[in-house]
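Some notes on the structure that comes next.
In structure tokens form, the structure reads like this:
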């Protein structure tokens, strides 16, 4: 049995949006400490890796490791039915062939007198985040505020079932790597650079020197260059540009893939680029304290 | 033009 409830269901919506243009089918691997996804695009040029730690969920139960094969387009269609404020619970049986997705509207949506249920829920051993637990909490809050009566929220609740599939996914063993360059910058700024550079050409060079990070493109229309300098003391954390460099690195990449990666921009204010000479770049979007989505992209190399 | 490599050049399939 696998069951996980994410209060901020929007994260799941955005995650699937951020990978569905790159991979069509993938496995959600569930263990007792995280859910993860690793999948390559069809051409094996890029890879997406997602990790959501169990601690980031308000209820998480995974009795034994499970691989849930899903079609990303279909899951995206179902997740579009969830509101941005909805909590999302994922459920799967150990030997089932479907993934149940429960969407619950925000608590204040509907309020009704439903006393018996709430009293029954008091003192129960329901798991945290379950419907009964929520009822107990809300009951408690109202009782504290008003001193009398019991009010319980009836959730705005939708249940969808997604058919699962058997997927033989090719898993890459990616070793822990110390990168020569780590750049942290606002995710929105990175998105804008990628979008603008695509107007001029297909191949982006990213060059990191002590001067800063230079993004450059050459095409038939002309050339474009953007220099980003370290700005570690910006007022807001998310506006900071931080560059850690052991040695200068210059690599070139297909803009088409970098553009797919920027679909994850809404997941967080910051993007982290990791680079070393002649190895794939890692483009990481941290997701609060919950986890991350990382993209790996093989470089283009002069022969 | 530089050549586009795949990730299989850099990482092993498990």
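Protein chains in written order, with my numbering: chain A, 182 to 484; chain B, -14 to -1.
Glycine included, every Cβ here is placed at the ideal spot set by N, Cα and C.
A quick note: this is a predicted structure, and the numbers were derived from the prediction, not measured.
Cα-Cα separation between residue i and residue j, rounded to whole angstroms
i             : j             : result
residue 273/A : residue 184/A : 7 Å
residue 245/A : residue 209/A : 13 Å
residue 393/A : residue 376/A : 20 Å
residue 373/A : residue 402/A : 19 Å
residue 387/A : residue 476/A : 16 Å
residue 481/A : residue 226/A : 10 Å
residue 206/A : residue 220/A : 8 Å
residue -3/B  : residue 370/A : 33 Å
residue 439/A : residue 217/A : 21 Å
residue 381/A : residue 407/A : 13 Å
residue 313/A : residue -10/B : Unreliable placement is indicated for residue 313/A, whose pLDDT of 43 sits below 50; the coordinate value is still reported in the next sentence. The alpha-carbon atoms of residue 313/A and residue -10/B are separated by roughly 53 Å.
residue 182/A : residue 243/A : 6 Å
residue 269/A : residue 241/A : 12 Å
residue 213/A : residue 463/A : 26 Å
residue 357/A : residue 229/A : 16 Å
residue 415/A : residue 409/A : 14 Å
residue 247/A : residue 275/A : 7 Å
residue 347/A : residue 340/A : 23 Å
Integer Cβ distance of residue i from residue j, believed to fall under 8 Å
i             : j             : result
residue 233/A : residue 471/A : 6 Å
residue 435/A : residue 384/A : 6 Å
residue 479/A : residue 450/A : Rounded, the Cβ-Cβ distance is 27 Å, inconsistent with contact.
residue 260/A : residue 200/A : Contact flag wrong, Cβ pair sits at about 12 Å.
Residues near residue i in its chain [Cβ-Cβ closer than 7 Å; skip 5 each side]
i             : result
residue 345/A : 249, 250, 251, 278, 279, 280
residue 237/A : 470, 471, 472
residue 367/A : 419, 420, 450, 451
residue 256/A : 197, 343
residue 430/A : 361, 362, 389, 456, 457, 458
residue 443/A : 371, 372, 375
Residues near residue i by beta carbon distance below 6 Å, same chain, minus five either side
i             : result
residue -6/B  : none
residue 423/A : 365, 413
residue 427/A : 361
residue 188/A : 239, 268
residue 321/A : Caution is warranted here: a pLDDT of 41 is assigned to residue 321/A, below 50, making its placement in the model unreliable, and the coordinate value is therefore given only provisionally. Result list for residue 321/A: empty, nothing under 6 Å.
residue 195/A : 447, 448
8 Å Cβ shell around residue i - same chain, five flanking residues per side excluded
i             : result
residue 215/A : 232, 233, 234, 235, 472
residue -13/B : none
(Q) Extract the residue ranges of the alpha helix (DSSP H) inside the region 380 to 460 of chain A, only unbroken runs of 4 or more that lie entirely within it. (A) Counting only runs of 4 or more, we get 436 to 442.
Q) When the Cβ atoms of the region 453 to 460 of chain A are set against those of the region 358 to 366 of chain A, are three or more pairs found closer than 8 Å? A) With the cut-off at 8 Å, the region 453 to 460 of chain A and the region 358 to 366 of chain A touch.
Q: Note down, one range per segment and in chain order, each beta strand (DSSP E) of at least 3 residues found wholly within the region 240 to 276 of chain A.
A: Residue ranges of uninterrupted beta strand (DSSP E) with 3 or more members, entirely inside the region 240 to 276 of chain A and ordered along the chain, are 240 to 243, 247 to 252, 268 to 273.
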